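Here's the structure we're looking at; comments come further down.
Protein chains: 2
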Amino acid sequence: MVTLAEVAQHAGVSASTVSYVLSGKRSISATTRQRVEQSIRELGYHPNAGARALASSRSNIIALMVPLRTDMYVPVMMEIAIAVATTARTHGYDVLLLTGEEGPDAVRRVTGSGLADAMILMDVELDDERLPLLRGTDQPSVLIGLPAETTGLTCVDLDFRATGALCVEHLAMLGHRDIAVIGEAPAVYERHTGFAERTLDGLRSRAQELGVGLLHRPCEGGYDAMAVTLARILDERPGTSGFVVQNESAVEPLLALLRQQGRAVPEDVSVVAVCPEQVAVQASVRLTSVAIPAQEMGRYAVEHLVAKLDGRGTDEVVLIAPELTVRASTGPAPAGRIS
Amino acid sequence: MVTLAEVAQHAGVSASTVSYVLSGKRSISATTRQRVEQSIRELGYHPNAGARALASSRSNIIALMVPLRTDMYVPVMMEIAIAVATTARTHGYDVLLLTGEEGPDAVRRVTGSGLADAMILMDVELDDERLPLLRGTDQPSVLIGLPAETTGLTCVDLDFRATGALCVEHLAMLGHRDIAVIGEAPAVYERHTGFAERTLDGLRSRAQELGVGLLHRPCEGGYDAMAVTLARILDERPGTSGFVVQNESAVEPLLALLRQQGRAVPEDVSVVAVCPEQVAVQASVRLTSVAIPAQEMGRYAVEHLVAKLDGRGTDEVVLIAPELTVRASTGPAPAGRIS
DNA sequence: ATAGTCAGTCGAAGCGCTTCGACAGCTTTT
DNA sequence: AAAAGCTGTCGAAGCGCTTCGACTGACTAT
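Listed in order, the protein sequences are those of chains A and B. Numbering-wise (the working numbering), the first sequence opens with residue 1 and increments by one. Numbering-wise (the working numbering), the second sequence opens with residue 1001 and increments by one.
So this is what it looks like as structure tokens:
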């Protein structure tokens, strides 16, 4: 294992000079710099992470807390995680992967031990246990998702309220008068994960404004659960011609069931999904959808943290404006039908 | 930030004693231990990770290299990552998330800097660039996946050869005489990711042994690509009554297309999938499948690494035996059909 | 009774790096 | 020509922990 001291000796300078070449915190003459860089290359030197962390009290690591459960939004999580990791690398940071399992203890451990310089939390609940801890430390953090109370916190998320509104608008504009919402699993709502409620809120208030009917039904993923849910919806509101789906694992079952019942998409019914782009494109009908900007959120989170660690940056809540992409699953409401 | 020294003072012992209480590397009297543990709790002490790493040259971190691309097996990756993270925690390790982006450089960086004590590599190619580096270091590592040459390496993977064989057997036993294989995207084969080829190998050799016809077609995910692929298959072998699918994003499209063409599953055609359990269960037809044991692989990888780090454990290749679960997508081949 | 053993504790020497103050040799200002 | 300011470099003091050797006192074997 090559050390700084060995590089210094090889280059004929002092250890501190090598350190300054590496960090750029003091000016170094061009010739010295080159000599040192040459030695570093020749010896294959890599600074020791532990020593560096100890001396500088900076680990150059960002902790990322992902939810433990894999029942929801897995591709989104993965995409965010990868975006976080790659963005972090471009800023010289590595990413520590924490699962929600440890809960608040993980926050304590990481802050207390100096393992990471900053944290990104995913799957934030409305009244998350980890929040008081974050507020009580000076370690920067970004939440992906929105809790109930955001003072003193930095958050990024898709504007789910606007997303809901946008979906209803789109369907209403096409003439649909009765809309059903296939939501996440009941557990998601019980857990008070903000996004589901915010979407619903946006859906409802715009539906009311536009005077269209809205029926919301949570739904476990999978074909069987979807079959039951759909049957209930059509029983209760036979005239339903527009669907909004916010549940990846309900998308294909819904399409399959509609097809099976002889309801053509988009001729008879229209479907709008809130899902990652990939899901929308790869579905058996190319779905009109509002994409979940996973990459963008991951990138933003890291960049904000880096800014904070550099002494720039402030607490703020950023809601990303939703964009609805029209594909093949929505069309004008069937005419001559009494809703 | 509380330090060891402060704890020592608070407990009225020397710093080294506190250290030994923490590590258990020397015997400590019960009374002293209790006093120290009390002080640790009262002061809310957390050992500083950097200092610890520097002094012990152990970071207690395991690096996990995940593939950058999200075009394949995302849920499997995620499940593995989470299994790795949680298992690592139970052994006192944290997980550093590296993306494939940096390639071999990441390996150099991590080994060189002592950032991690060990590595887990996913998405291993047959002739992976990172392998020479792993062989050239004394840092333990486990590959999830199988390269062409495994000497000096530790690997875990599903036994894909046996998996292929098992799928063919199951279909043959049900009387299917012409089987089509929907494979991964062509890019996966070109990249020489071992698992795809090994599966194919298993499929082919067992098909030959059992005297059934086998047609293999790679397939991009999605509905459109699947439509083209299916049309070609049925054109070439109209009597095909059994399908083996090894491509998550082709599963639903295949089912949708079969349905649309009036081919009932499992009455007219049978489908066996190689996919995570969740996908098989949530599909619009509950799929007979060979599960990909993501959790098991992740757990094994970590446990093997921990064993190695403790001076136990050896290099070896572990192939997990496939298990085929019969669900609703396979049944006897339709009678009276000339294949 | 004396040597040997052992459990329990301490002190001190690092681990490899960052960073602060100091200083030598310049150039610029007055 | 002296004072002031740069620039580029060095030495040394830690950062908070682990770990080795040494020591003390009590206990066992002879």
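Glycine is no exception: its CB is placed at the ideal position from the N, C-alpha and C atoms. These numbers were taken from a predicted model, which means no experiment stands behind them.
- Per DSSP, reduced to three states, the secondary structure at residue 242(A) is strand.
- Boundaries of the alpha helix (DSSP H) around residue 1043(B): 1030-1043.
- Within the DSSP bridge table, the entry for residue 65(A) names 98(A), 121(A) as partners.
- Distance from the CA atom of residue 1314(B) to the CA atom of residue 1141(B), rounded to whole angstroms, is 11 Å.
- Residue pairing from DSSP places residue 213(A) in a beta bridge opposite 178(A).
- Beta-carbon to beta-carbon, residue 290(A) and residue 323(A) are separated by about 7 Å, close enough to satisfy the 8 Å threshold.
- Approximately 5 Å separates the beta-carbon atoms of residue 1099(B) and residue 85(A); this is inside 8 Å, confirming the contact.
- The CB of residue 115(A) comes closer than 8 Å to the CB of 1049, 1094 in chain B, given here in chain order.
- When only Cα atoms are considered, residue 1232(B) and residue 1240(B) end up about 11 Å apart.
- DSSP places residue 155(A) inside the beta strand (DSSP E), whose first and last residues are 155-158.
- Take the alpha-carbon of residue 13(A) and the one of residue 21(A): they are about 11 Å apart.
- Below the 8 Å Cβ cutoff, chain A contributes 99, 101, 102 as neighbours of residue 1089(B), in chain order.
- Of the other Cβ atoms in all chains shown, 16 or more fall within 10 Å of the Cβ of residue 1059(B); this residue is therefore buried.
- DSSP places residue 1292(B) outside any alpha helix (DSSP H), giving it a letter other than H or E.
- Ranked by how close their Cα comes to the Cα of residue 184(A), the residues 194(A), 178(A), 175(A), 104(A) have 194(A) in first place.
- For residue 167(A), the three-state secondary structure derived from DSSP is helix.
- Residues 133 of the same chain have their beta carbon placed closer than 8 Å to that of residue 108(A), with the five preceding and five following residues left out of the count.
- Distance from the Cα of residue 83(A) is smallest, within the candidate group 62(A), 69(A), 207(A), 42(A), for 62(A).
- Here residue 1114(B) is buried: its Cβ has 16 or more other Cβ atoms, across all protein chains shown, within 10 Å.
- Beta-bridge partners of residue 275(A) (DSSP): 291(A).
- As the crow flies, the alpha-carbon of residue 1036(B) is around 59 Å from that of residue 228(A).
- Contact between residue 155(A) and residue 174(A) fails: their C-beta atoms lie close to 33 Å from each other, not under 8 Å.
- Closer than 8 Å at the C-beta level to chain A, one finds these residues of the segment 1272-1294 of chain B: 1278, 1281, 1282, 1283, 1284, 1285, 1286.
- Chain-order list of chain B residues neighbouring residue 59(A): 1049, 1050, by C-beta distance under 8 Å.
- Between residue 1217(B) and residue 1258(B), the alpha-carbon positions lie close to 17 Å from each other.
- With respect to residue 1321(B), residue 1159(B) sits close: the two C-beta atoms are nearer than 8 Å.
- Residue 1131(B): not part of any beta strand (DSSP E); member of the alpha helix (DSSP H) spanning 1130-1135, first to last residue.
- Residue 283(A) holds the alpha-carbon nearest to the alpha-carbon of residue 1252(B) among 283(A), 91(A), 330(A), 269(A).
- Look at residue 109(A): its C-beta is under 8 Å from a C-beta on chain B.
- A Cβ-Cβ separation of about 5 Å places residue 76(A) in contact with residue 276(A) under the 8 Å criterion.
- For the options 182(A), 192(A), 50(A), the alpha carbon positioned closest to that of residue 234(A) is the one of 182(A).
- Residue contact check for residue 68(A) against chain B: a CB pair falls below 8 Å.
- The C-beta of residue 300(A) comes no closer than 8 Å to any C-beta of chain B.
- Residue pairing of residue 1229(B) in beta bridges, as defined by DSSP: absent, with no partner found.
- Residue-level contact check: residue 53(A) touches chain B, since one or more beta carbons of chain B fall below 8 Å from its beta carbon.
- Not flagged as an interface residue toward chain B: residue 192(A), since no C-beta distance is shorter than 8 Å.
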